[in-house]
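Colleague: Numbering (UniProt numbering), first residue to last: 1 to 429.
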């Protein structure tokens, strides 16, 4: 069997790379093949909250998130396929009990204005108007992104893969790699559980399993994983009276350059004050250290930490890890402290997810030193969805020998040696 590009891993980044690469290649002469040992989105991607925001203190990452947001918001209109995109708005919150959170918000908004990201600074009164019932200090502030929201993580991965197939890509599920074939320092193929693939390029996009996967073949990449426990609670009763204007579709699409955008944002993200009965915005709480977002279709709300303690960072995932009652208690306490409306809601589910990290908080995207034709894209923590379209576009350019325009290859070079960082994921906040 032959492929021009072999993509190992069927998560959101892998399928995005396949989608963009397949558009540029001849499906017969230069096929793109995704190999996934399990199911599409079965790893880190499937455990993601799928939040789409552009609020980053790092302008390089913020620019990628900005461009990716445009791709998501116009995806259904361009392709006829929905990814469950919901423009609820994203509120990034800071408060006086964590002075650093206030500084980060001010600095990020200043940086956003320079690169064309529309973010509004809210004071405590405006925050309370935006999210009725929220508890904030009078000195609290927030960055408001009306364009933000979330996608359905599993649906998004499936639709990326389906669209890649319409451009000629091949998806092979239940296929594992048993060996990488290297000749004279160059990747020439891979042995798999269904036979050998000869190829020119291999892109390893195995998420939390990247380090352990490559170490099987004597290749080390500086990636570790964070154990992240996510809690799901019921939606408050007042969320059940749904405004049909907002919830009559699985996704809402708006062209970000459409002159009617402002009016659309008012209708779908609450710029005319938060409509009673509609799901509240995604909240990224820098003061208390968690995020919360409604999963309206499943009648539940997701709660998870946004930074990772050292005791929860490991060299690789533990597939047998069980939820920790203490972590669940912490998550519920933070949620109810900020949003008392959830105090009487039952816990519906708890899951343990594993997200890949680098020491300096910058992902690894590009060629692996010493192995011509071998590439990696990983270490995104829980931010792969926010960046996947930009990564896919840039990797397709890189694989085709073209200049990369959607991200800075040097900034994310796998061969760099990080000198700073604590593996906490704080660089993404």
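Built from N, CA and C at the ideal position, the CB exists for glycine as well.
State yes or no: is the C-beta of residue 409 within less than 7 Å of the C-beta of residue 366?
Modeller: Mapped onto the chain shown, residue 409 falls at position 409. Mapped onto the chain shown, residue 366 falls at position 366. For residue 409 and residue 366, yes; Cβs fall inside 7 Å.
Colleague: Taking three-plus beta-carbon pairs below 8 Å as touching, is the segment 183–197 in contact with the segment 308–325?
Modeller: Result no; under three Cβ-Cβ pairs closer than 8 Å.
Colleague: What residue range is occupied by the uninterrupted beta strand (DSSP E) comprising residue 178?
Modeller: Here residue 178 refers to the residue found at position 178 when the chain shown is read from its first residue. Residues 177–183.
Colleague: State buried or exposed for residue 435, treating a residue as buried only when at least 16 other CB atoms are found within 10 Å of its CB.
Modeller: Because the chain in this structure spans residues 1 to 429, residue 435 falls outside the shown range and cannot be described.
Colleague: Among the residues of its own chain, which have a CB less than 6 Å from the CB of residue 202, if the five just before and after it don't count?
Modeller: Counted from its first residue, the chain shown places residue 202 at position 202. These residues qualify, in order along the chain: 6, 187, 374.
Colleague: Please say whether residue 155 and residue 283 have beta carbons closer to each other than 7 Å?
Modeller: Translated into positions along the chain shown, residue 283 becomes position 283. Translated into positions along the chain shown, residue 155 becomes position 155. Contact flag unset, no.
Colleague: Inspect the beta-carbon positions of residue 412 and residue 390 and report whether they are closer than 7 Å.
Modeller: Indexing the chain shown from 1 puts residue 412 at position 412. Indexing the chain shown from 1 puts residue 390 at position 390. No, the pair does not count as a contact, with Cβ atoms beyond the cut-off.
Colleague: Would you mind giving the Cβ-Cβ distance between residue 139 and residue 96, rounded to the nearest angstrom? I have them listed as a contact below 8 Å.
Modeller: Here the question's residue 139 lines up with position 139 in the chain shown. Here the question's residue 96 lines up with position 96 in the chain shown. Contact holds; Cβ gap of about 5 Å.
Colleague: So within the segment 7–49, which uninterrupted beta strand (DSSP E) runs reach at least 3 residues, ignoring any that extend past its ends?
Modeller: Listed in chain order, they are 32–36.
Colleague: Can you list, in chain order, the residues of its chain whose CB lies under 8 Å from that of residue 104, leaving out five sequence neighbours each side?
Modeller: In the chain shown, the residue the question calls residue 104 occupies position 104. Answer for residue 104: 57, 94, 286, 429, listed in chain order.
Colleague: Judging by CA-CA distance, which residue of 294, 290, 289 is the nearest neighbour of residue 280?
Modeller: Residue 280 sits at position 280 when you count from the first residue of the chain shown. Here the closest residue by C-alpha is 294.
Colleague: Here's the rule: buried if 16 or more other CB atoms are within 10 angstroms of the residue's CB, otherwise exposed. What is residue 402?
Modeller: In the chain shown, the residue the question calls residue 402 occupies position 402. With fewer than 16 other Cβ atoms within 10 Å, it is exposed.
Colleague: Would you kindly check if the distance between the Cβ of residue 190 and the Cβ of residue 177 is under 7 Å?
Modeller: Looking up residue 177 in the chain shown gives position 177. Looking up residue 190 in the chain shown gives position 190. Yes, these two residues count as a Cβ contact at 7 Å.
Colleague: Cα separation between residue 213 and residue 36?
Modeller: Residue mapping note: residue 213 aligns to position 213 of the chain shown, counting from 1. Residue mapping note: residue 36 aligns to position 36 of the chain shown, counting from 1. Roughly 13 Å separates the two Cα atoms.
Colleague: How many angstroms separate the CA atom of residue 129 from the CA atom of residue 15?
Modeller: To locate residue 129, count along the chain shown from 1; it is residue 129. To locate residue 15, count along the chain shown from 1; it is residue 15. So the two alpha carbons sit approximately 39 Å from each other.
Colleague: Is the beta carbon of residue 388 closer than 7 Å to that of residue 12?
Modeller: Start at 1 with the first residue of the chain shown, and residue 12 comes out as number 12. Start at 1 with the first residue of the chain shown, and residue 388 comes out as number 388. Their beta carbons are under 7 Å apart, which means residue 12 touches residue 388 by this criterion.
Colleague: Are the CB atoms of residue 21 and residue 363 within a distance shorter than 7 Å?
Modeller: Translated into positions along the chain shown, residue 363 becomes position 363. Translated into positions along the chain shown, residue 21 becomes position 21. No.
Colleague: Look up residue 142 in the DSSP assignment and give the residues it is bridged to.
Modeller: The sequence position of residue 142 within the chain shown is 142, counting from 1. For residue 142, which the question treats as bridged, DSSP gives the partners 93, 122.
Colleague: Quick check on DSSP: helix, strand or coil for residue 472?
Modeller: Because the chain spans 1 through 429 in this model, residue 472 falls outside it and cannot be assessed.
Colleague: Restricting to runs no shorter than 4 residues, where is the alpha helix (DSSP H) found entirely within the segment 290–338?
Modeller: List check, alpha helix (DSSP H) in window: 325–338.
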